[in-house]
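> Protein chains in written order, with my numbering: chain A, 4 to 539; chain B, 816 to 1082. Quick reminder that beta carbons are idealized off the backbone N, C-alpha and C, glycines included. Nothing here was measured: the structure is a model prediction, and the numbers come from that model.
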Amino acid sequence: MSSRLQGLFEQLPQLLGGHLSLAVPAIVVGVLLSVPLGILCVKSAAVRGPVMLVISLVQTVPSIALLAIMVAILGGTIGYRPAFVALLIYSILPIVRNTIVGLEGVDPAMREAARAVGMRPLQQLLKVELPLAFPVILAGIRTATVWVVGIATLSTPVGAPSLGNYIFSGLQLRDWQRVLFGCVATMLLSLILDQLIALIERSLQRRRFVVVWVATAVLGGLLAVGLAPQLVPATAAGFTEVGQQAAVAEGAAAEQQPTLAGQTIRIGAKGFTEQLILTDLLAGRIQAAGGTARPLGNMGSTIVFDALAKNTIDVYVDYTGTLWSTVLKEPGPIGQAAMRVAVAGRLFDQYGIVLLGPLGFENTYALVVRQEQAKRFGLRTITDLTSQAGQLRIGGDPEFFGRPEWQRVRDLYGLHGIEQVGMDSTFMYQAVADGQVDLAAGFSTDGRIDAFNLAVLDDPLAAFPPYDAVILLSPAAAANQALVASLEPLVNRISVAAMRVANRSVDEDGRTPAEAAAALAAAVGIGENPGDGASR
Amino acid sequence: MAVPAIELEQVRKEYAPGTPPAVRDVSFSVSQGEVLALVGGSGSGKTTTLKMINRLIEPTAGTIRVMGEDVTAIDPVMLRRSIGYAFQGVGLFPHLTVGDNVAITPRLLRWPEEKTRARVDDLLALIDLPADSFRDRLPAELSGGQRQRVGFARALAAEPRAILMDEPFGALDPITRDAVQTEFRAVQQKLGLSVVVVTHDMTEAVLLADRIAVMHEGDLRQLGTPQQLLTAPADDYVAQLIETPRRHSDFIESLMRPAVVGGEGKA
Ligand SMILES: Nc1ncnc2c1ncn2[C@@H]1O[C@H](COP(=O)(O)OP(=O)(O)O)[C@@H](O)[C@H]1O
Ligand SMILES: [Mg+2]
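1) If you measure from each residue's Cβ to the nearest non-hydrogen atom of ligand 1, which ones come out under 6 Å, in chain order?
2) In whole angstroms, give me the CA-to-CA distance for residue 1027 of chain B and residue 1003 of chain B.
3) Would you mind stating whether residue 25 of chain A and residue 206 of chain A have Cβ atoms separated by less than 8 Å?
4) With DSSP as the reference, please indicate the residues paired to residue 289 of chain A in a beta bridge.
5) Quick one: does residue 139 of chain A have its CB under 8 Å from some CB of chain B?
6) Once DSSP output is grouped into helix, strand and coil, what is the label at residue 1017 of chain B?
7) Could you tell me whether any non-hydrogen atom of ligand 2 is closer than 7 Å to the CB of residue 1034 of chain B?
8) Tell me, please, whether the CB atom of residue 104 of chain A is closer than 8 Å to any CB atom in chain B?
9) On the DSSP letters alone, give me the boundaries of the alpha helix (DSSP H) that residue 148 of chain A sits inside.
10) Skipping 5 residues on each side, what residues in its chain have a beta carbon closer than 6 Å to that of residue 102 of chain A?
11) CB-CB under 7 Å to residue 186 of chain A, same chain, minus the five flanking residues each way: which ones, in chain order?
12) Within 10 angstroms of the Cβ of residue 945 of chain B, are there 16 or more other Cβ atoms? Answer buried if so, exposed if not.
13) Please check if any C-beta of chain B sits within less than 8 Å of the C-beta of residue 134 of chain A.
14) Among A:415, A:420 and A:447, which one has its Cα closest to the Cα of residue 428 of chain A?
15) By a C-beta neighbour count over all protein chains shown, 10 Å radius and 16 as the cutoff for buried, is residue 963 of chain B buried or exposed?
16) Counting only beta-carbon separations shorter than 8 Å, does residue 895 of chain B have a partner in chain A?
17) Looking at the strands, I want to know which residues DSSP matches up with residue 901 of chain B.
18) Does the beta carbon of residue 908 of chain B sit closer than 8 Å to a beta carbon anywhere in chain A?
19) What are the complete beta strand (DSSP E) segments, minimum 3 residues, inside the segment 307 to 331 of chain A?
20) Please state if the CB of residue 166 of chain A and the CB of residue 199 of chain A are separated by a distance shorter than 8 Å.
21) Can you find a CB in chain B that lies within less than 8 Å of the CB of residue 2 of chain A?
22) Just checking: is the beta-carbon of residue 900 of chain B within a distance shorter than 8 Å of some beta-carbon in chain A?
23) Can you determine whether any heavy atom of ligand 2 sits closer than 7 Å to the C-beta of residue 1084 of chain B, and answer yes or no?
24) Helix, strand or coil, according to DSSP, for residue 1030 of chain B in the structure here?
25) Is residue 1013 of chain B near ligand 2, in the sense that its beta carbon is under 7 Å from a heavy atom of that ligand?
26) Is the closest heavy atom of ligand 2 to the C-beta of residue 981 of chain B under 7 Å?
27) On the CB-based measure, 16 or more other CB atoms within 10 Å of its CB, does residue 1052 of chain B come out buried or exposed?
28) Using a Cβ cut-off of 8 Å (strictly closer), state whether residue 241 of chain A contacts chain B.
29) Quick test of your reading: residue 882 of chain B and residue 826 of chain B, contact by CB under 8 Å. State the CB separation rounded to the nearest angstrom.
30) In the DSSP output, which residue or residues are listed as bridge partners for residue 843 of chain B?
31) Give the straight-line distance between the Cα atoms of residue 504 of chain A and residue 323 of chain A, rounded to the nearest whole angstrom.
32) Could you tell me the distance, in whole angstroms, from the CA atom of residue 400 of chain A to the CA atom of residue 420 of chain A?
33) Does residue 853 of chain B come within less than 8 Å of chain A when only Cβ atoms are used?
34) Of the residues that make up the segment 52 to 67 of chain A, which ones have a beta carbon closer than 9 Å to any beta carbon in chain B?
35) Within 8 Å (strictly less), CB to CB, does residue 919 of chain B reach chain A?
36) Which two residues bound the contiguous beta strand (DSSP E) that contains residue 295 of chain A?
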C-alpha cells in the first residue's frame, strides 16, 4: 500500500467514528421521534397538515445551508450538536411519510378484525397496525439511513469530524485520491447499514430470529462505536485534569514558565490549503508547550468566526480585509496599518476577541504576469499596464470580476479596456504561464506564483484592501497566558515568500499540510514543529 | 325457561339522520344452542344487524341483550371478547401464526399461558388441523378452507357466550364449502353453540340453521324454521327466496329418478 493511502487509512478510525457518532444516533433518535409523529398524523388530521407542511419545507432547505443555519440557531455552537440536529431533521421526513403511508395502507378488514376480537385502540395499533405497516416503515428508515450517512459528510464545515473531512480537504488540496477515498468510504458505510436493516427485515419475515438478533447486535455495536468518541473525552478529561495538576506542580518546581500541559486547544480553519498549513503551524507551537491541539479544519468562513466569538474554538487565523468587510461590514478599505489597528480594537470591543498579532504576510488579491514578460516590458506595478490595457487579457475567477475590489482597480489604474476571461482559479496560473491570458487575478501567497515563474505586480495606489494574516484568540483563550506565550513567537515571522513556498509544497508537490507546516517552522526558525503531530 | 342467548328488541339503525334506516325496528331472539340464519339480498341490513350485537356498530334505537344482559351496560371491548366473530375473507392476521391467531382473545383476556396453549391445541384438533403441523404456520401457508376453519377456531377460542358469523363460507369452492359446513354443524352441536350466521344463500341457511330470519330493505320479513318458510311463506319475497333451494332439490331428485330406474332396467 502506498504511504499516502496508508495515511488515509490511519485517519479512518477517527473519521469513521465521528461519522458513525453523528449518523447512527441521528437515525435512532429519528426513528424514536418520527414513528410516533407519523402515528399522530394518521390519528389526527389537525396534526397532520401542519406537521407534513413543516417537515416537507425543511427538507427543501439545501443540506449545507441547514447545517449552517443550525449553527446560528444554536447560538454559534459548532461541532457535534448542530450537525446532529440537522441530520436528525433530515431523517424525519422519510420515516414520518412512510409511517403514514404504511398505516393507511393497512387493510380496513384487518382493523375491523382487530376490533372484533376485542382489542383496545392501543392494542390494535401495537399488535396489528404497526406490524402490518412495518415493511413500509422500514423502507422509510432505510431511505433515511442512506440520506443521513451521505449528508453527514457535510458536517465537516461546521466543525464535526466525519468522512467528509477526506472530501473537503481533498477538494482543497486537489488530492483526488483523498476525495475518492472519502466518497467510497461513505458509500460503503451507507450500503452496509442499509443491507443490515434489509437483512433484519427479511429475517423477521422468514422468522429467522437468530439472524435478526445477530444483525441487531451488529447495528448496536456500530451505535456503540459511534457513541464511544462522545463518551471517551469525558473520561479523558478526568485524566488530563490530574495530569495538569502534576504538570503544574512540576513546572512550579522547575521554573515559573507557564505550560499548556493537560490543556486541549481547539484550532479553527477555513477550507483552503494555507489555512490547513497554518492550523498545523499553530498546533506545533501548542504541542511544543505541552498542550494537545485539536484542529477543526475546513469550516465555513463566518462559522469559524462565530465559533471563536462563542469560545467554541480557541484560536484561528483570519485576514484583516475579510474581517473588515464581512464581520465589521465596512464598505471601503483603509490603509494597512490603520486597518489592522481598527480591526483589533473593534473585534475586542464588540466580541472580546483578541488580535494577537500579524503573522507577517498578506494574502491579498494579486495581479500576476509571466516573469520573462515582466522583464521584457519592464512591468513592476499595475500602473505599467495602463497604457496597453486595450490589448490585454486577464484571467480570473468569475466571482472576482464582480467584486468591488476589481471595480476599484479598474477605476484607479484605468484598466477599463482589458478583456476579462472567467475561469476556475485552479487553472488561471497555468493559463498565464501558457500565454492563454496575459495576466491573472491570483492570491499573493499562492505557491503556484513561484511554481509557474510568475511575478506579482505592486499595487501603489492600494486599490486592493490589505489582507494581513492575523492570529485571533477567543475571549476565553485570550486570558490563557500559556497559550499566548506559545503563539507569540509566530508574530511577524512568516514572510509572503515563506508562505508561498509552504503552499506550493502542498499544492504542487503533494506534501501534507503537516509536513509543510514543519518545514515552514524550520525555515523561519521557530523551533520544533512536530510535523505529524496534528492529525486531522 | 333459560334466558335467550341473544335478544333484539325494536332495533333500528340509521347511518345518517334523515336517510332510510339500514335496519328498521327488528326484533328476534336466539335460544341457547340455536343457530339462526339472517338471509336476504345484498344491502338488506344483515351485516349491520350482526355488528350491532357485539357493538361494532351502535344502534340508533332499540335494545339488545346477550345472555339476558343489556349490551349497553357492558364495556364494548369486553363484550367483543365474550362473543366470537368470524367473517368472509376470514380476517386472520397475516403476521401471526395459526396458533397465535387462535390464541388472540384468550391472551387479551390474560388466560394463563398453559391454558391458552391447551385450548389452541384442542381447537385445532377439533377442526382437523393437527396442532403439531399447523400451529406454527402462517395463514399464507394454508388453503382457503383451512383458513376458514382457523377463523372459526379463533372465534371459538375464548369460550364465547355466542358466535356471530358473516358470510363465513362465501369464498369457498363448493366441495370445500360443503366439508366446512358439515364440520361447523358438527362442532356447533357438540359444543351447544349459540350462533347467528349471515348469508345471502338460502340453501346454506336451510342446511345450517334451526331458524331463518329473512331481511329485505332493513325489514325483518319473516322468522321461522326452514319448514315454516317452505310451507307458509309470509310474502312473495320470502316465497321467491325459499323457492330456490326447493327447485334445486326437486331438480336433483328428478335427475336421480331416471338414473335409478335405468339402473334397475339393466339389472
Ligand atoms: N358504514 C356505513 N355507512 C353508511 N351506510 C352504510 C354503512 N354500512 C352499510 N351501510 C348501508 O346500510 C345498508 C345495509 O348494509 P349491510 O348491513 O352491509 O347489508 P348486507 O350485509 O345485508 O349486505 C346498505 O344500504 C348499506 O349501503
Ligand atoms: Mg353484508
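Taking the geometry as given:
1) B:830, B:837, B:855, B:857, B:858, B:859, B:860, B:861, B:862 and B:863
2) 17 Å
3) no
4) Answer is none; residue 289 of chain A lacks a bridge partner.
5) At a cut-off of 8 Å between C-beta atoms, residue 139 of chain A does not count as an interface residue with respect to chain B.
6) helix
7) no
8) no
9) 133 to 154
10) 38, 41 and 140
11) 170
12) exposed
13) yes
14) A:447
15) buried
16) yes
17) In the DSSP output, where bridge partners are listed per residue, residue 901 of chain B has B:980.
18) yes
19) 318 to 322
20) No, they are not a contact pair.
21) There is simply no residue 2 of chain A to check, as chain A begins at 4 and stops at 539 in what is shown.
22) With a threshold of 8 Å between beta carbons, residue 900 of chain B makes contact with chain A.
23) No information on residue 1084 of chain B is available, as it lies outside the stretch 816 to 1082 that chain B covers here.
24) Reduced to three states, the DSSP call for residue 1030 of chain B is strand.
25) yes
26) yes
27) It is buried - the Cβ of residue 1052 of chain B has at least 16 other Cβ atoms within 10 Å.
28) With a pLDDT of 32 at residue 241 of chain A, under the threshold of 50, the predicted position of this residue should be treated as unreliable, though the coordinate-derived value follows. No, residue 241 of chain A does not count as interfacial toward chain B.
29) 17 Å between Cβ atoms; not a contact.
30) B:823
31) Separation of residue 504 of chain A and residue 323 of chain A (C-alpha to C-alpha, rounded to the nearest whole angstrom) is 22 Å.
32) 18 Å
33) no
34) none
35) yes
36) 295 to 302
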